[in-house]
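Encoded as structure tokens, the structure appears first; notes follow it.
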Amino acid sequence: MKSEIRRIAFTCDFFRADFERGRFDNYQYRNLDWLYAILGADEWAEDWGVEIGLVVPDLDAAGFRTVVGNDGLFHDYTRPNGKAWPSVYDVEGSSPCFSTTFDRLSEYDLIVGFELSPTIKRNLDLRGTRYISLHIHPVRFLRDICFFAVTNWPHARSLFDKVANPSSEIGVQVRRWRALFARRRDLALNVPRPVPIVVGQTHKDAAVISNGAFATLASYGERLAMLLEPYSEVLFLGHPFESRNATAIEYLRVVQGKSVISIKANGYGVIFSPEPIPLVVTLSSSLGVEAALAGRETSFLLASPIEHFVTDGVDIRGGVMIGHALLTDFFAETLFCGESKDGVSLLSSQKSGDPFFLGDDYLRKSLESWSFDGLQRVSELERVRRKIFPAASLTLEEIDTLFEEHGGKSRSGRLTSVGVTEPGDAVVEVLPRPCAVGSDFSLKFSAPNVRHYLTYGFHDAEQWGVWSNGREGHVQIPVDVPKSGVWTIELEMSVLVVEELLQLAPVLQLEVYGVEVAMVLFRSSISHRQQIRVTVDAISPLCEIRLALTHTTDDLVGAVGHERTLGFALSELRCAITSATGDRRRNPNDADGIAIFGAAAGGPIFVPKTLTA
Numbered sequence: 018m019k020s021e022i023r024r025i026a027f028t029c030d031f032f033r034a035d036f037e038r039g040r041f042d043n044y045q046y047r048n049l050d051w052l053y054a055i056l057g058a059d060e061w062a063e064d065w066g067v068e069i070g071l072v073v074p075d076l077d078a079a080g081f082r083t084v085v086g087n088d089g090l091f092h093d094y095t096r097p098n099g100k101a102w103p104s105v106y107d108v109e110g111s112s113p114c115f116s117t118t119f120d121r122l123s124e125y126d127l128i129v130g131f132e133l134s135p136t137i138k139r140n141l142d143l144r145g146t147r148y149i150s151l152h153i154h155p156v157r158f159l160r161d162i163c164f165f166a167v168t169n170w171p172h173a174r175s176l177f178d179k180v181a182n183p184s185s186e187i188g189v190q191v192r193r194w195r196a197l198f199a200r201r202r203d204l205a206l207n208v209p210r211p212v213p214i215v216v217g218q219t220h221k222d223a224a225v226i227s228n229g230a231f232a233t234l235a236s237y238g239e240r241l242a243m244l245l246e247p248y249s250e251v252l253f254l255g256h257p258f259e260s261r262n263a264t265a266i267e268y269l270r271v272v273q274g275k276s277v278i279s280i281k282a283n284g285y286g287v288i289f290s291p292e293p294i295p296l297v298v299t300l301s302s303s304l305g306v307e308a309a310l311a312g313r314e315t316s317f318l319l320a321s322p323i324e325h326f327v328t329d330g331v332d333i334r335g336g337v338m339i340g341h342a343l344l345t346d347f348f349a350e351t352l353f354c355g356e357s358k359d360g361v362s363l364l365s366s367q368k369s370g371d372p373f374f375l376g377d378d379y380l381r382k383s384l385e386s387w388s389f390d391g392l393q394r395v396s397e398l399e400r401v402r403r404k405i406f407p408a409a410s411l412t413l414e415e416i417d418t419l420f421e422e423h424g425g426k427s428r429s430g431r432l433t434s435v436g437v438t439e440p441g442d443a444v445v446e447v448l449p450r451p452c453a454v455g456s457d458f459s460l461k462f463s464a465p466n467v468r469h470y471l472t473y474g475f476h477d478a479e480q481w482g483v484w485s486n487g488r489e490g491h492v493q494i495p496v497d498v499p500k501s502g503v504w505t506i507e508l509e510m511s512v513l514v515v516e517e518l519l520q521l522a523p524v525l526q527l528e529v530y531g532v533e534v535a536m537v538l539f540r541s542s543i544s545h546r547q548q549i550r551v552t553v554d555a556i557s558p559l560c561e562i563r564l565a566l567t568h569t570t571d572d573l574v575g576a577v578g579h580e581r582t583l584g585f586a587l588s589e590l591r592c593a594i595t596s597a598t599g600d601r602r603r604n605p606n607d608a609d610g611i612a613i614f615g616a617a618a619g620g621p622i623f624v625p626k627t628l629t630a
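Residue numbers (the numbering used here): 18 to 630.
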């Protein structure tokens, strides 16, 4: 490796690009801007004579395609499935992709990165380029957030070991938060009896990438079943920024067979409370790390996020927790100008080794609101919402008991009501059991919990139905399929498109359980609203439906009157489970098992039953 630091480049995980609304974006670029500013990198050139560069790929489509350097991978980046980033996140050996970006980075003596992926670190190390990768440490209940630093440069690693380590105050902060909740005894955070907690997280997170894909709870179903076997119910703490918590909830309910109590509350208020919580389970959540430090028995299905940050074979001796020392001139001077006894001594003795000598929340306030904010002000604790998802095996009486145990005091009707505990404490809701044989499920668009079933790609529901916000939308329906016998699911839905789209002859594709079962061909000669009905084998207790349209209002040239992007709409969706008997051909235009509704291409028009506009 080069012996002198004269040129420094800042970068980030540039693999983490998304393609939405016809353009590429990478929110890590904004995190990189934050890191550059908080470290004061603009001053390094003047103070220490080093050259500073910012090296990230351009995000315009043509430029990004060239930088990717692989047509197959570029195509994956343009797909909504999000498979591109995890497929290149952790790859051994030299990467054939993004080679021009690696060439640019290797021209520098040191790379300072925000959350560099294992693949990026390995490729820098193979080229003999030093790097320092900085993450936000998953322990966030201290007086300020911290960095977690990894590096392949021995000098930097040695310097990290000499500064005040924030881990020294973890114990006293744990006692502080325990004491707060032991005294407060918030009814809203009450856990009526010992039940385990499952902690959710964002589905597109570096911490859940495993074997080139995003892991889910289902990826570790057998181990999860063993951990939860003694319990009939679980508490679910969803990630506040995750839009697909419903998928994890229904997996726990219909596949693992548990009643699920979803708590929308401050997670720290739960893990630090004196409540009887026998186990915390998570894929790789930072809250799991904090729960373990709070004294909870914690099981990581994938790995602790701290382990996930470290890349074996290149990162020296794991990583280091660092507070405000990283932000000082003394640290930068020692890093760039070589070992400085006076500098390191002064750095180590800042405020008698205080890791947060710049003041509480110095870093945190430069980012965004944090989870402890409401907890600090007792009178402003956000109202807790509990949603009870009863297992299919529960009787109505057992559901009533569960409702009352979690604070419900009044119900206007079984299974669909909303009950409120004391004002300001919690709202308790009960959702229907999974759709069972002999009962129909109908999606009620005006119901407050309709979003639970609309898992992806929809605007807010309206009284009459719901519009997709793009080409694709996902719906999930939990079903109670008997273990014996062969059963089918009958789906009936009313779908429509914006009338102006008929001139583009859009096609709506319907997939159930990942298999294409129907196409709806919209034409100017027929209604923009159609009723479709299909029957599929019930192969799983979670019926997952995907609808994809070839066009949206964004494709209309000169169209006016649509402020939102609109694709297709659902105005009705019904589900029933029946015994698999007789001929299950879907309609006269069936071909290879795919039902075709609307104008059949190249053949006679089959007009299905339509609804009046």
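Here a beta-carbon is modelled for each residue, glycine too, at the ideal position from N, C-alpha and C.
DSSP places Tyr-94 within a helical segment (H, G or I) once states are collapsed to three.
Its Cα nearest to that of Leu-176, the residue Phe-353 stands out among Leu-419, Phe-353, Gly-57 and Ile-294.
Spatial neighbours of Gly-482 in its own chain (CB-CB distance under 6 Å, excluding positions within 5 residues in sequence) are listed in chain order as Phe-462, Ala-586, Leu-587 and Ser-588. Shown here, Tyr-148 sits in a strand according to DSSP, grouped into three states. With contact defined as three or more Cβ pairs closer than 8 Å, the segment 486-498 and the segment 547-562 are in contact.
Phe-373 carries a coil assignment under DSSP once its states are collapsed to helix, strand and coil. Taking every protein chain shown into account, the CB of Arg-96 has fewer than 16 other CB atoms within 10 angstroms, so this residue is exposed. Per the coordinates, the alpha-carbon of Asp-30 lies some 52 Å from the alpha-carbon of Glu-414. Residue pairing from DSSP places Gln-548 in a beta bridge opposite Ser-511. If you keep only unbroken beta strand (DSSP E) runs of at least 3 residues inside the segment 477-512, you get 489-497. In this structure Ala-311 is in contact with Phe-289, their Cβ atoms being roughly 5 Å apart against a cut-off of 8 Å. Within 10 angstroms of the beta-carbon of Ser-150 lie 16 or more other beta-carbons, which makes it buried. Ranked by Cα distance from Thr-418, the first of Ile-323, Gly-336, Pro-209 and Pro-291 is Pro-209. The C-alpha of Trp-484 is placed about 20 Å away from the C-alpha of Asn-98.
In this structure, Cys-452 sits away from Ile-280, with a CB-CB distance that is not shorter than 8 Å.
Shown here for Met-338: same chain residues with a beta carbon closer than 7 Å to its own, the five before and five after excluded, namely His-154, Cys-163, Phe-165, Asn-182, Pro-183 and Ser-184 in chain order. Annotation for Leu-176: the continuous alpha helix (DSSP H) segment containing it runs 171-179.
Arg-334 is not a Cβ neighbour of Arg-82, given a cutoff of 8 Å. Pairing Ala-242 with Leu-300 gives a Cβ-Cβ distance that is not under 8 Å.
Collapsing the DSSP output to three states places Ser-303 in a helix. Take the alpha-carbon of His-220 and the one of Ala-230: they are about 11 Å apart. The continuous beta strand (DSSP E) containing Tyr-473 extends over residues 471-473. Taking the Cα positions, Leu-448 is about 11 Å away from Phe-420. Across the set Val-553, Leu-566 and Arg-581, the C-alpha of Val-553 shows the shortest separation from the C-alpha of Cys-592. Listed as beta-bridge partners of Lys-461 by DSSP are no residues whatsoever. Under the DSSP definition of a beta bridge, Ala-26 partners with Gly-70 and Ile-128. The three-state reading of DSSP puts Ile-611 in strand, counting E and B together. Distances from the alpha-carbon of Arg-193 to those of Pro-291, Ser-321, Thr-345 and Tyr-148 put Pro-291 closest.
In the structure shown, Phe-81 adopts helical secondary structure according to DSSP, grouped into three states. The residue among Pro-322, Asp-88 and Thr-168 with its C-alpha nearest the C-alpha of Ala-78 is Asp-88.
Ranking Glu-246, Trp-102, Asn-207 and Ser-276 by CA distance to the CA of Ser-227 puts Trp-102 first. For Arg-160, there is no enclosing beta strand (DSSP E), as DSSP gives it neither H nor E.
When DSSP states are grouped into helix, strand and coil, Val-215 belongs to the strand group. For secondary structure counted as the beta strand (DSSP E) over 3 or more consecutive residues, the segment 263-340 holds these complete runs in sequence order: 276-281, 297-299, 315-317 and 337-339. Comparing alpha-carbon positions, the option among Glu-350, Tyr-379, Val-216 and Gly-274 lying closest to His-172 turns out to be Glu-350. Here Asn-262 has Gly-217, Phe-253, Gly-255, His-256 and Ser-279 as same chain residues with Cβ atoms under 8 Å from its own Cβ, once five neighbours each way along the sequence are excluded.
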